[in-house]
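Residue numbers for the sequence shown follow the working numbering, so the first one is 649 and each next one is one higher.
Even glycine gets a Cβ: it sits at the ideal position worked out from N, Cα and C.
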Amino acid sequence: MKTYSQSILALTWVILLLAMQPYDALSRQSTGMHFLLVGPSAHNMGASDGHTAALTGASAIYLNPALLSLEKQSSATVSYMVWPATDTQNSFAGLVYKSGRQAFGVALLSSLNDDIPARTGATTNPDGYFALRYFSLAGSYSRNIGPLAFGFTGMYLYEQFFRQDASGFAVNTGLALNLLEERARLGVSLRNLGSMQDLAETATRLPTLLSVGTDIQLLQLSTSAIDDEIPLLISVVADYNIPLNEVSGSREGSILAQDDGYLNAGIEVNIAEIIDLRAGLRTGATERRLNFGAGLFVSDFYFNYAFLPFQSGFGVAHAVSLQYYF
């Protein structure tokens with residue numbers, strides 16, 4: 649039988665082997681709907697969104713729906729992100745309901761920028777301002793068979809740019825596998841596979857993404873404080889992502905145009921099952937290289953905050969979320 653260390657090494661090799669594979673873009677055209685690649689909750693953002701294999705509640709509706717049936721209990725999540733430098737606001741609300749080996753999920757995700765200047769010529773002052781709006785309504789189903797789970801999400805999508813709007817549909821699907829008595833987990837998901845109607849004369853390309861990830865409880869120990877022992881649990885998450893539609897000009901700074909796959913990785917320290925401290929790293933072409941976050945458990949509530957510094961003068965974004973377990 650493999651030891652714990654050997655199994656951890658095997659999981660690491662899965663990520664490394666994928667990272668060495670060549671990436672061929674299916675399309676060189678730029679794509680939109682970038683809000684689907686952000687978060688969706690503060691918990692996810694603090695770890696650089698590397699949660700294809702991590703249990704984070706209703707966020708899995710957009711990240712990997714297979715994870716929903718591996719949750720221990722039902723939960724509801726609300727999250728809000730503000731990026732002052734670009735007047736961008738992202739909102740998320742989701743519910744996951746557990747019923748035996750099955751789980752059902754429903755979620756709303758939106759992004760708003762209502763301060764974009766409009767000009768009809770080369771003028772100093774804009775003629776006015778207009779809004780850029782994105783919206784998604786999603787429903788999910790997941791089921792587990794022992795340690796293996798599968799899931800599916802269907803999404804209605806809507807976008808509005810100036811006086812033009814369009815709608816569309818997309819799906820997310822995924823698999824997840826618990827390993828080593830749930831001390832490790834492997835996940836794979838295909839996200840945002842679908843299409844939009846024409847916006848003016850051209851349809852927006854969806855940011856389709858293939859992700860493979862791990863969530864590993866790396867180290868468990870305790871430290872002394874006065875006369876008490878404080879347990880610490882150190883976990884590592886990592887996703888390797890292959891964009892199947894090239895992304896460019898993301899206002900959310902999530903991904904810029906790139907020809908290769910990229911890695912989202914994060915580390916989290918849980919202190920006495922009360923406080924979480926986390927940090928994340930993104931590789932590839934991104935304006936959001938490092939991310940930081942913290943979480944606090946109070947009874948059945950889980951509060952999270954994410955600090956998201958952007959490069960190239962784009963300032964800092966802040967995100968908060970509240971999760972309730974029932």
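State the CB to CB distance for the pair residue i and residue j, rounded to an integer number of angstroms; the pair is presumed to be in contact (CB under 8 Å).
{"i": "Ile709", "j": "Ser788", "result": "5 Å"}
{"i": "Gly963", "j": "Ala690", "result": "Their Cβ separation, rounded to whole angstroms, is 17 Å, which puts Gly963 and Ala690 out of contact at 8 Å."}
{"i": "Arg714", "j": "Val754", "result": "The identity of residue 714 in the sequence shown is Ala, whereas the question assumes Arg. With a Cβ gap of about 16 Å, Ala714 and Val754 do not count as contacting."}
{"i": "Gly861", "j": "Ala886", "result": "6 Å"}
{"i": "His699", "j": "Leu711", "result": "5 Å"}
{"i": "Gly776", "j": "Ser717", "result": "In fact, because the Cβ distance is near 49 Å, the residues do not count as touching under 8 Å."}
{"i": "Ser696", "j": "Leu869", "result": "Wrong, their Cβ atoms sit about 25 Å apart, outside the cutoff."}
{"i": "Ser681", "j": "Leu805", "result": "One detail in the question is off: residue 681 reads as Met in this sequence, not Ser. Contact holds; Cβ gap of about 7 Å."}
Given residue i, which residues of its chain have a CB within under 6 Å of its CB, disregarding the five upstream and five downstream residues?
{"i": "Ile882", "result": "Leu866, Leu867 and Val917"}
{"i": "Phe945", "result": "Ile922"}
{"i": "Ser838", "result": "Residue 838 is actually Leu in this sequence, not Ser. So the qualifying residues of the chain are Thr821 and Leu858."}
{"i": "Asn912", "result": "Ser696, Asp697, Gly698, Asp887 and Arg930"}
{"i": "Arg831", "result": "Gln865"}
{"i": "Asp763", "result": "Asp735 and Tyr777"}
{"i": "Ala724", "result": "Leu743 and Tyr972"}
{"i": "Gly687", "result": "Met693"}
Once you ignore the five residues that flank residue i on each side, which residues in its own chain have a CB closer than 8 Å to its CB?
{"i": "Leu825", "result": "Pro795, Leu796, Ala797, Arg833, Leu834 and Gly835"}
{"i": "Gln737", "result": "Tyr728, Met729, Val730, Trp731, Ser759, Leu760 and Asn761"}
What are the boundary residues of the beta strand (DSSP E) that residue i is part of?
{"i": "Leu828", "result": "It is not in any beta strand (DSSP E) - Leu828 carries neither H nor E in the DSSP assignment."}
{"i": "Val744", "result": "Thr736 to Ser747"}
{"i": "Met803", "result": "Leu796 to Phe809"}
{"i": "Asn889", "result": "Asp876 to Pro891"}
{"i": "Glu849", "result": "Neither: Glu849 is in no beta strand (DSSP E) and is coded neither H nor E."}
{"i": "Phe783", "result": "Gly776 to Ile793"}
{"i": "Ile922", "result": "Note, Ile922: premise wrong, no beta strand (DSSP E); not H, not E."}
{"i": "Leu685", "result": "No beta strand (DSSP E) holds Leu685; DSSP gives it neither H nor E."}
{"i": "Leu970", "result": "Val964 to Tyr973"}
{"i": "Ser960", "result": "Element bounds for Ser960: n/a, residue is neither H nor E."}
First and last residue of the alpha helix (DSSP H) that includes residue i?
{"i": "Gly694", "result": "Ala690 to Gly694"}
{"i": "Ala708", "result": "Ala708 to Leu711"}
State the Cα-Cα distance for the pair residue i and residue j, rounded to the nearest angstrom.
{"i": "Gly705", "j": "Thr772", "result": "47 Å"}
{"i": "Ile890", "j": "Glu877", "result": "43 Å"}
{"i": "Phe974", "j": "Val726", "result": "15 Å"}
{"i": "Ser843", "j": "Arg811", "result": "20 Å"}
{"i": "Gln808", "j": "Leu743", "result": "26 Å"}
{"i": "Phe817", "j": "Met803", "result": "6 Å"}
{"i": "Ala770", "j": "Leu780", "result": "22 Å"}
{"i": "Ser953", "j": "Gly932", "result": "Reading off the sequence shown, one finds Tyr at residue 953, where the question assumed Ser. The alpha-carbon atoms of Tyr953 and Gly932 are separated by roughly 25 Å."}
{"i": "Leu757", "j": "Phe740", "result": "5 Å"}
{"i": "Phe955", "j": "Ser969", "result": "12 Å"}
{"i": "Arg749", "j": "Leu828", "result": "20 Å"}
{"i": "Gly961", "j": "Arg936", "result": "11 Å"}
{"i": "Ile793", "j": "Leu703", "result": "17 Å"}
{"i": "Leu847", "j": "Ser815", "result": "9 Å"}
{"i": "Asp735", "j": "Gly694", "result": "20 Å"}
{"i": "Asp863", "j": "Leu925", "result": "16 Å"}
{"i": "Ile915", "j": "Phe951", "result": "18 Å"}
{"i": "Thr943", "j": "Pro774", "result": "Reading the sequence as shown, one finds Gly at residue 943 and not Thr. Rounded to whole angstroms, Gly943 to Pro774 spans 42 Å at the Cα level."}
{"i": "Asn939", "j": "Ala701", "result": "19 Å"}
{"i": "Ser790", "j": "Pro765", "result": "43 Å"}
{"i": "Ala927", "j": "Pro957", "result": "12 Å"}
{"i": "Tyr782", "j": "Gln845", "result": "14 Å"}
{"i": "Ser898", "j": "Thr801", "result": "Below a pLDDT of 50, predicted positions are generally treated as unreliable, and Ser898, at 44, falls in that range; no measurement from the model is reported."}
{"i": "Leu841", "j": "Thr871", "result": "46 Å"}
Report all residues from its chain with a CB closer than 7 Å to the CB of residue i; omit the five preceding and five following residues, and keep chain order.
{"i": "Lys746", "result": "Glu719, Gln721 and Ser722"}
{"i": "Ala920", "result": "Ile878 and Pro879"}
Under 7 Å, Cβ to Cβ, is there at least one residue of chain B near residue i?
{"i": "Ile882", "result": "Protein chains in the displayed structure number just one, and chain B is not present."}
| task | Starting from the N-terminal side, write out each stretch of the beta strand (DSSP E) that is 3 residues or longer and does not extend beyond the region 930-955. | result | 938-946
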